[in-house]
Amino acid sequence: MVEERQRDTSQPADGDGYERVVQRLIPGYASLARLAVALLAASPLASREGAAILVAGCGTGSELLEAQAQRPDWSLTATDPSAEMLAIARDRLAGGGRIDWRQSTVEALADDGASQGRFAGALSVLVLQSLPDDGSKLAFLTALSRSLQPGGQLVLVDRMQPERSPLQKQVEAAWIGFQQASGLDAAAEELAPLTDQTHPIGLARLSALVNAAGFSDPARIFQALNYEGFLLQRAL
Ligand SMILES: C[S@@+](CC[C@H](N)C(=O)[O-])C[C@H]1O[C@@H](n2cnc3c(N)ncnc32)[C@H](O)[C@@H]1O
């Protein structure tokens, strides 16, 4: 009897496909990792030589590649529960410096005493959106906060719930137009895991969750349609 393998639905079927799709789906994606790393590198704690940095949900490794290019001195820990995504990231990073690879959620990593309060900074790009707001988002954010040193900063990028606006339909039409102009055949591509299966929240809810997790209010540093980036600081 052939055992049916359960597919992880938090990302498209193959990680190579992920890279191809995400660049055509998210305006500005190609610059996101660069911007996220530059922001963190300018923070008081992460600017220090050899700072320990956590890349939460590293996926296929875009933030790691950029971190190694901008800050080869950083001590990087990469976590992702998906073996498939991690394997692609490891291939892409093969020529670079040493990375502490963890096939784990951030929540499980934070339960390990050695990780608590260890990191000077963290990056979380397009991860929170995949978790439902049933305690899972708060658990993820709390784990990130616990992993950071007091004053450590987090760059968080996510798909947000659109604000009610009479212009929202135009924004949605523009998103489709962007995808088509980028050569993405939305009907044929496996977009569902990156869009339909996300759980976007609004800014008020995000603020409440990050405050409950021990972070400052989120400061917006990026917006492209409904994709937004924020800088957060763990309370001192
Ligand atoms: C949409 S991908 C984003 C990957 C990468 N950060 C990027 O921007 O291309 C989301 C990744 O988060 C990972 N993930 C989901 N839940 C997670 C958790 N609780 N802790 C760490 N990673 C998680 C998934 O396995 C997936 O690789």
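Note that my numbering has the sequence shown beginning at 1, numbered continuously upward.
The beta-carbon is built from N, C-alpha and C at its ideal position, and this holds for glycine as well.
Keep in mind that this is a model prediction, so the values were computed, not measured.
What are the partner residues of residue i, as DSSP defines its beta bridges?
i	result
residue 124	56, 156
residue 66	In DSSP, residue 66 forms no bridge with anything.
residue 77	54, 100
residue 229	157, 222
residue 234	215
residue 148	119
Rounded to the nearest angstrom, how far is the Cβ of residue i from that of residue j, given a contact under 8 Å?
i	j	result
residue 94	residue 70	No, residue 94 and residue 70 are not in contact; Cβ-Cβ is about 19 Å, not under 8 Å.
residue 156	residue 124	5 Å
residue 59	residue 80	6 Å
residue 224	residue 27	4 Å
residue 215	residue 145	6 Å
Look at the alpha carbon of residue i and the alpha carbon of residue j, and state the distance between them as a whole number of angstroms.
i	j	result
residue 1	residue 143	Confidence at residue 1 is low in this model, with a pLDDT of 31, below 50, so its placement is unreliable and the value that follows should be read with caution. Going by the C-alpha atoms only, they are around 40 Å apart.
residue 196	residue 234	31 Å
residue 140	residue 158	13 Å
residue 8	residue 82	Residue placement at residue 8 cannot be trusted, given a pLDDT of 42 that sits under 50; what the coordinates show is reported in the next sentence. Approximately 8 Å, taken between the alpha carbons.
residue 201	residue 104	24 Å
residue 169	residue 160	15 Å
residue 113	residue 163	39 Å
residue 96	residue 68	7 Å
residue 37	residue 166	35 Å
residue 10	residue 49	Bear in mind that a pLDDT of 46 at residue 10, under 50, signals an unreliable position, so the number given afterwards is only what the model happens to contain. About 35 Å.
residue 30	residue 23	6 Å
residue 108	residue 17	27 Å
residue 47	residue 119	12 Å
residue 178	residue 172	10 Å
residue 73	residue 32	21 Å
residue 117	residue 56	15 Å
residue 19	residue 150	34 Å
residue 205	residue 220	14 Å
residue 228	residue 203	10 Å
What are the boundary residues of the alpha helix (DSSP H) that residue i is part of?
i	result
residue 33	29-41
residue 91	83-92
residue 111	106-111
residue 176	168-181
How about residue i: is its Cβ closer than 8 Å to a heavy atom in ligand 1?
i	result
residue 160	no
residue 112	no
residue 32	yes
residue 178	no
residue 140	yes
residue 63	yes
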